[in-house]
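Taken in sequence, the protein lines are chains A and B. Take the first sequence: its letters are residues 1 to 328, numbered as in this note's numbering. Take the second sequence: its letters are residues 1 to 383, numbered as in this note's numbering.
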Amino acid sequence: MKKRIFLILLAAVAVTTVFAQGRKELRFNEVMMVNDSSYIDQYGQHQPWVEVFNRSYGTVGMEQMFISNKPIDIPDNGMKPKDFLNDYAQKNPGICYEIPRGDRDTKVAPRTHVVFFADGNTAAGALHLSFSLDPSVANTLYLYDVNGDLVDVVNIPASMKPNTTFALKADGQSDPATFNAKQWSMRDGKTDAQAITPGKFNLADQNDNIEAFHVRDPYGVIIAIMAMSVVFSALLILYLCFKLFGKFFGRKKEGDEASEPAAQPAAIAASGSSDNEVIAAIGMALFQHLNAHDQESGIITIDHAHEAHSAWSSKLNAMGHMPIHKEQ
Amino acid sequence: MSQTEFLLSKLNEFWQFTGFANVEITNVIMLCVGLFFIYLAIKHDFEPMLLVPIGFGILIGNIPFQPGNEIGIYEEGSVLNILYQGVRQGWYPPLIFLGIGAMTDFSSLLANPKLMLVGAAAQFGIFGAYIIALALGFMPDQAGAIAIIGGADGPTAIFLSGKLAPNLMGAIAVCAYSYMALVPVIQPPVMRLLTTKKERLIRMKPARKVSQTEKILFPIFGLILTCFVVPSGLPLLGMLFFGNLLRESGVTTRLAKTASNAMTDMVTIILGMTVGASTQASEFLTKETIFIFFLGFCAFVIATCSGVLFVKFFNLLLPKHKKLNPLIGNAGVSAVPMAARISNDVGLKYDPTNYLLMHAMGPNVAGVIGSAVAAGVLLGFLG
């Protein structure tokens, strides 16, 4: 029982650790400050939005994490960071939002996005922040873990045009807890490269290898030569290796045979019969031997015993056992 | 609403859900294709283990229905979709390879290791088809996925197409298995065309006996040597050699039996059925599918030619008493053991006492390794 409780606790700690590690992999990914004709919330309203990307390969629960528009100094007064942040978010909803527990929308699947609406209307759901953002000034957003660790930060420029976004050039490709402007770019949605992508990847999934081969090897000759060379090399190495093994084991076998007492000399050869006849004879013998029971009828019958006696009348059963002489 | 109106409206609603209300001509065509596959398998014994599950899968995949009820193979959460993930994510092919490894006796290859090169040469069918596919306008990743049909290895084709061109996978899998079933029709004319009567009568030296130690060492060294060259082939080659070690080690007979019988059978059933079901008319009846079937045919012909011609070329370098019969060249295309049987059958037609089966098994199993390596190379370049 104790062992079971220990295992359950161990599993719980492991799960908590995994989630905690996963939270470090969350990144602000795209932000729209003025939204009048772009992405809509579940009520069909255009709201400013903030997209967060889970760049890990595990599901990350965002409950009890904090998004704020000002940096928060956690005092070193013995109070737990979680309690302090919780208290801070309750007292300053215009600055800090605590993501509530128990909402399925805040569990972010691997390599996917979640979009929060910065409308100051928490009654609309867990994905609606408790504060709004002023597009006329520069804003900074902070993402804190439950223990007060800063996970990510983004500086949003002032006066962004309506329906434009400030987005990471490649999804999730930013340094943790620091803002690097070089990793971000403005998007106006006019071209594929500048697409507005709430809940989707900023960078279209493309394979550079395919593009490169398409441009540099349009007839496929280069790849054919390279690939055939690799296939031949792999099998040539195997060939050489097992040719050597064959020679080694062949010699060893010859040595073993030589050391054994001489078997009957090649009587078959001496008898003058050809190899084919010998092979045929051996083959026939093997066939007879291996197929001796292959041609069963497949019919199972019950063969009635002809004895008229039963267990009651059997002489054998009726006879007494031989007395056993016990030694004293 | 009266009782009658209510009943009529419910009946009408039910009618809208039935296949009769949703059927399209493309569904009917695909159902006919499925029935044809089942007919070929049962009546003509064409790869029945594969064509029956695939054919029935085609029937399952093309029953018309209203989307949105978690029924179809492409609808997330449906039972078929869950089973299909093994194809989509590439779990099933390596499991099949485990079974193939546990079933395959590599003795004939080990007895005459130079036959490995014949298995390598036949892979030119893949890259020949790749070149033609590019000329027909396919992108390199699609061309690679289609070209692997030339490897004549269903699981490899499914594995690679699932990675490079998932939308073409149904057509590629059906094409690969169809041509594998048609090997007895495609290969003999090509073999006869490329060989002289004198060459067809070449008798090969009987294979030497291979020691058990060599058989045990083969999967271990085979894995290390091939996967160091092509790590991307690891899922297939790793399982192939692992299965073979289970067989040859002599101490895991029970595991080898399970891998080669029960497990392979189970995976084959689910794989065949889901691959068949993935050929929904909307995905399958396209211009690309016609091209894929054409390219698959080209791949098989090129692979057969390259195998036979390579043996002829190889004979120029070999002493007279070690010459190979070019009729075993076709077996390099994999398609175990069908292709080896073709070598034997064609050989027997010209010399009823010249049994080529065991000699042809060498390039045949080398072809399995070669096609897995080729798939790994394509995945490495284009993945």
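For glycine and all other residues, C-beta sits at the position ideal for the given N, C-alpha and C. Quick caveat, the model's predicted, so the values are computed rather than measured.
Among the candidates the options, whose CA atom is the shortest distance from the CA of residue i?
i	options	result
Ile132/B	Gly199/A, Tyr219/A and Asn29/A	Tyr219/A
Gln308/B	Leu98/B, Ala120/B, Arg254/B and Glu76/B	Note that residue 308/B is Val in the sequence shown, not Gln. Comparing Cα-Cα distances from Val308/B to each of Leu98/B, Ala120/B, Arg254/B and Glu76/B, the minimum goes to Ala120/B.
Gln64/A	Trp49/A, Ser56/A and Asp149/A	Asp149/A
Ala157/B	Leu234/B, Phe218/B and Ser371/B	Ser371/B
Val346/B	Ile60/B, Cys305/B and Met191/B	Met191/B
Ile25/B	Thr264/B, Ala281/B, Thr196/B and Leu225/B	Ala281/B
Ile351/A	Asn163/A, Phe249/A, Pro162/A and Ala167/A	This structure cannot speak to residue 351/A, because chain A is shown only from 1 to 328.
Leu382/B	Gly250/B, Pro53/B and Ala165/B	Ala165/B
Ser136/A	Ser159/A, Ser229/A, Ser56/A and Asp175/A	Ser159/A
Leu295/B	Met1/B, Phe127/B, Ser249/B and Phe106/B	Phe127/B
Asp105/B	Asn364/B, Leu379/B and Val377/B	Asn364/B
Lys287/B	Phe242/B, Pro48/B and Ala171/B	Ala171/B
Lys197/B	Gly68/B, Ser232/B, Leu327/B and Ser260/B	Leu327/B
Val377/B	Leu237/B, Ala259/B and Leu117/B	Leu237/B
Thr353/B	Ile202/B, Thr304/B and Pro64/B	Ile202/B
Met266/B	Gly332/B, Ile96/B, Glu199/B and Asp141/B	Ile96/B
Leu245/B	Met103/B, Val301/B, Pro48/B and Gly19/B	Met103/B
Leu271/B	Tyr177/B, Arg254/B, Lys349/B and Ser9/B	Tyr177/B
Phe248/A	Val210/B, Ser232/B, Met273/B and Asn325/B	Val210/B
Val373/B	Leu50/B, Asp153/B, Gly362/B and Val52/B	Asp153/B
Ile42/B	Phe56/B, Met180/B and Thr253/B	Phe56/B
Consult DSSP for residue i and reduce its assignment to one of helix, strand or coil.
i	result
Ser161/B	helix
Asn155/A	strand
Ser371/B	helix
Met160/A	coil
Ala267/A	Below a pLDDT of 50, predicted positions are generally treated as unreliable, and Ala267/A, at 46, falls in that range; the measurement from the model is reported next regardless. Of the three classes helix, strand and coil, the one that applies to Ala267/A here is helix, per DSSP.
Pro219/A	Looking at the sequence provided, one finds Tyr at residue 219/A rather than Pro. In this structure, Tyr219/A counts as coil in the three-state DSSP scheme.
Asn344/B	helix
Trp91/B	coil
Ile63/B	coil
Met116/B	helix
Ala122/B	coil
Glu47/B	coil
Gly58/A	coil
Thr165/A	strand
Ser108/B	helix
Ile187/A	Strictly speaking, residue 187/A in this sequence is Arg, with Ile absent from that position. DSSP places Arg187/A in strand when its eight states are reduced to three.
Gly383/B	coil
Thr140/A	strand
Ile67/A	strand
Tyr343/A	Because chain A spans 1 through 328 in this model, residue 343/A falls outside it and cannot be assessed.
Ala262/A	Per-residue confidence for Ala262/A stands at a pLDDT of 44, beneath the threshold of 50, marking its modelled position as unreliable; the derived number appears in the next sentence. Ala262/A falls in the coil class under three-state DSSP.
Lys24/A	coil
Using the beta-carbon count (16 or more within 10 Å), is residue i buried or exposed?
i	result
Ala267/A	In this predicted model, Ala267/A has a pLDDT of only 46, less than 50, meaning its place in the structure is not dependable; the value taken from the coordinates is given anyway. The residue in question, Ala267/A, is exposed, as its Cβ has fewer than 16 Cβ neighbours within 10 Å.
Leu110/B	buried
Val79/B	exposed
Leu168/B	buried
Arg216/A	exposed
Arg27/A	buried
Ile38/B	buried
Pro265/A	Annotation note: pLDDT 43 at Pro265/A (below 50); position unreliable, no value reported.
His325/A	exposed
Leu141/A	buried
Glu211/A	exposed
His321/B	exposed
Ser107/B	buried
Arg187/A	buried
Phe291/B	buried
Glu248/B	buried
Lys10/B	exposed
Counting only beta-carbon atoms, is residue i nearer than 8 Å to chain E?
i	result
Lys243/A	Among the protein chains of the structure shown, namely A and B, there is no chain E.
The region 136–143 of chain B / the region 235–244 of chain A touching (three or more Cβ pairs under 8 Å): No, they do not touch.
Contact list for the region 25–44 of chain A against chain B, Cβ threshold 8 Å: Within the region 25–44 of chain A, no residue has a Cβ that lies closer than 8 Å to any Cβ of chain B.
Three-pair Cβ contact test at 8 Å for the region 334–346 of chain B versus the region 313–323 of chain B: These segments do not touch.
Three CB pairs or more closer than 8 Å across the region 59–76 of chain B and the region 220–237 of chain B: Under the Cβ criterion (8 Å, minimum of three pairs), the region 59–76 of chain B does not count as touching the region 220–237 of chain B.
At least three beta-carbon pairs within less than 8 Å, the region 68–81 of chain A to the region 27–44 of chain A: Per the Cβ contact rule, the region 68–81 of chain A is not in contact with the region 27–44 of chain A (fewer than 3 Cβ pairs under 8 Å).
Touch test, the region 85–103 of chain A against the region 167–177 of chain A, Cβ-Cβ under 8 Å, three pairs minimum: Under the three-pair Cβ rule at 8 Å, the region 85–103 of chain A does not count as touching the region 167–177 of chain A.
Selection of the region 352–364 of chain B by Cβ proximity to chain A, strictly under 9 Å: The region 352–364 of chain B vs chain A, Cβ under 9 Å: Thr353.
Residues, ordered as in the chain, of the region 166–178 of chain B that lie near chain A by beta-carbon distance below 7 Å: Residues of the region 166–178 of chain B with a C-beta less than 7 Å from any C-beta of chain A: none at all.
Residues within the region 109–124 of chain B neighbouring chain A, beta-carbon criterion of under 7 Å: For the region 109–124 of chain B, the set of positions with a beta-carbon nearer than 7 Å to some beta-carbon of chain A reads Leu110, Pro113, Lys114, Met116, Leu117, Gly119, Ala120, Gln123 and Phe124 in chain order.
Interface positions of the region 213–241 of chain B facing chain A (Cβ-Cβ less than 8 Å), listed along the chain: Within the region 213–241 of chain B, the qualifying residues are Thr213, Glu214, Leu217, Phe218, Phe221, Gly222, Leu225, Thr226, Val229 and Val230.
Given 8 Å, three or more beta-carbon pairs between the region 334–342 of chain B and the region 77–91 of chain B: Contact between the region 334–342 of chain B and the region 77–91 of chain B is absent, with fewer than three C-beta pairs closer than 8 Å.
Contact set between the region 90–113 of chain A and chain B, restricted to residues whose Cβ is under 9 Å from the partner: Residues passing the 9 Å Cβ filter: none.
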